[in-house]
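Novice: One structure, pasted below without further comment.
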Amino acid sequence: MRKLFLGLAVTAGSLVFAQEKTETISKSPITFGVKGGMNISSHTDGNEDIYYWSNYERKSKIGFNAGAFVNIPVSGKFSVQPEILYNGLGSKIESTINFDIPDARMNNKETLSLSYLSVPLMLQYNLLPELYVEAGPEFGFLLGGRSKGDLTQTSNQDGASSTQSYSDKIVMDLFNKFNFGIGIGAGYYFTQNLAVTARFTAGVTDIYKYNSYDAVRNNALQVGLAYKFK
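Under mature numbering (1 follows the signal peptide of the UniProt record, and there is no 0), read the sequence shown as residues -18 to -1, 1 to 212, first letter to last.
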């Protein structure tokens, strides 16, 4: 008899817990939203100084992201948020090469801009009803890109210089079409609908298809706003 009462108590407790969990999830329905913001993107150093270029330096560039998301509650504090975003990534490059004949040097200032369709899949945890942290993978698909900059040749003898500007589409066959990264971030809803968001995504895959040297990966800090429809 004691075992029977114990079994009934455990069963009842399980049913109550399941009901509370269902009610909690039902109070947090699936929601849709839009988001956008600024990217501060860069590329990891791929040891390009092994080429003829010296003083090779990669710097961050500014871009933007915009898209939509769906937030799917899975428990009281956890939710899954798939997103689909346009993502403007890339970096700025400054480098110098010295020629023996003629006695001159060339300076290159280039901006490499890459456009991706990105699909983050974030697991979010609510520290507070309005504050969450998140982490998860991001899958990216290269849409295209452009290399734009200035080449300046300067004589080491008399200091005379000439500059040639260029702007070319990237050769898609040289780049990996697929990009994979890991993101971590946080967000704060200061109203029921509007939130400020921040996320850092570190690239895992090489942006180049044929690369005999250290991998060059996308990194991006994203800061922006999200609007949830309710």
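We treat Cβ as the ideally placed atom computed from N, Cα and C, and that holds for glycine.
1. Give me whichever residues DSSP pairs with A117 in a beta bridge.
2. Run through DSSP, which three-state label would D196 get?
3. Do three or more CB pairs link the segment 62 to 70 to the segment 96 to 103 at distances below 8 Å?
4. In terms of residue numbering, what span does the beta strand (DSSP E) encompassing S143 cover?
5. Once you ignore the five residues that flank G126 on each side, which residues in its own chain have a CB closer than 6 Å to its CB?
6. Give the straight-line distance between the Cα atoms of K59 and Y107, rounded to the nearest whole angstrom.
7. Please state the DSSP three-state secondary structure of D155.
8. Any idea what DSSP makes of G127, helix, strand or coil?
9. Under three-state DSSP, which class holds F172?
10. Quick one: give me the first and last residue of the beta strand (DSSP E) that V52 is part of.
11. Is it the case that the segment 128 to 146 contacts the segment 186 to 202, given that we only count it when at least three CB pairs across the two stretches are under 8 Å?
12. Taking the straight line between their C-alpha atoms, what separation do you get for S57 and G18?
13. If you follow the beta strand (DSSP E) that T187 is in, where does it begin and where does it stop?
14. On a Cα-Cα basis, can you pick out the residue from L203, D85 and S24 that is closest to T179?
15. Hey, could you find the ends of the beta strand (DSSP E) K17 is sitting in?
16. How big is the Cα-Cα spacing for M88 and Q146?
17. Output the distance between the C-alpha atoms of G167 and H25, rounded to the nearest integer angstrom.
Specialist: In this structure, then:
1. L105 and I166
2. coil
3. yes
4. S143 to K151
5. S97
6. 6 Å
7. helix
8. strand
9. coil
10. K43 to P55
11. no
12. 27 Å
13. Per DSSP, T187 belongs to no beta strand (DSSP E) and is neither H nor E.
14. L203
15. T13 to H25
16. 11 Å
17. 19 Å
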